[in-house]
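Chemist: Can you read through this structure? Questions will come right after.
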Amino acid sequence: MTSVHPTPAITLSDGPSYSAQEAAAMLGRSFSWLDQRVRDEQFVRADGTVVVPFRTPGGYRRFTLTMLKDIAGSCYRKGWFSGDKLRSVLREILMAAHPDFS
13 MTSVHPTPAI TLSDGPSYSA QEAAAMLGRS FSWLDQRVRD EQFVRADGTV
63 VVPFRTPGGY RRFTLTMLKD IAGSCYRKGW FSGDKLRSVL REILMAAHPD
113 FS
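This is the structure we're talking about:
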């Protein structure tokens, strides 16, 4: 499937970003699970827009905390995450956003 969504470039103002491996770990899923769903554009925000990770100059995907939060919400709306799983993932994202409070 060819994406009609432009892939954004990473900028320093976007805050920390995470590799696909790190993102999958924060979501409690495997890299292949995340990779397949990103490729198929299955992560959709409540407003209907698709979550598109950034790309490094080398072509690797990078995810911001906001993207991970949007992915978690999409998983919950699709029934892939239970309420407990959503809370657990959001806790992981919150801890990553505020490492001083861990």
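In the numbering used here, the protein residues as written are 13 to 114.
Backbone N, C-alpha and C fix where the C-beta goes; we use that ideal spot for every residue, glycine too.
(1) In the segment 36-86, which residue ranges form an unbroken alpha helix (DSSP H) of at least 4 residues, counting only runs that do not cross its ends?
(2) Excluding five sequence neighbours on each side, which residues of the same chain lie with their C-beta closer than 7 Å to the C-beta of I22?
(3) When the Cα of S86 is compared with those of V63, T76, A36, R103, which residue comes out closest?
(4) Spatial neighbours of K90 within its chain, please: C-beta separation below 8 Å, excluding the five flanking residues on both sides.
(5) Which of the three DSSP states is assigned to S29 in this structure?
Modeler: Put simply:
(1) 43-51
(2) As a working mapping, residue 22 is identified with position 10 in the sequence shown. Residue placement at I22 is flagged as unreliable, the pLDDT there being 48, under the threshold of 50; the coordinate-derived value follows with that caveat. Hits under 7 Å: S29, F66, T68, R74.
(3) The residue labelled residue 86 in the question sits at position 74 within the sequence shown. The shortest Cα separation from S86 among V63, T76, A36, R103 belongs to V63.
(4) Locating residue 90 in the sequence shown gives position 78, counting from the first residue. Same-chain partners within the cutoff: Q54.
(5) Position 17 of the sequence shown, counting from 1, holds the residue named residue 29. S29 falls in the strand class under three-state DSSP.
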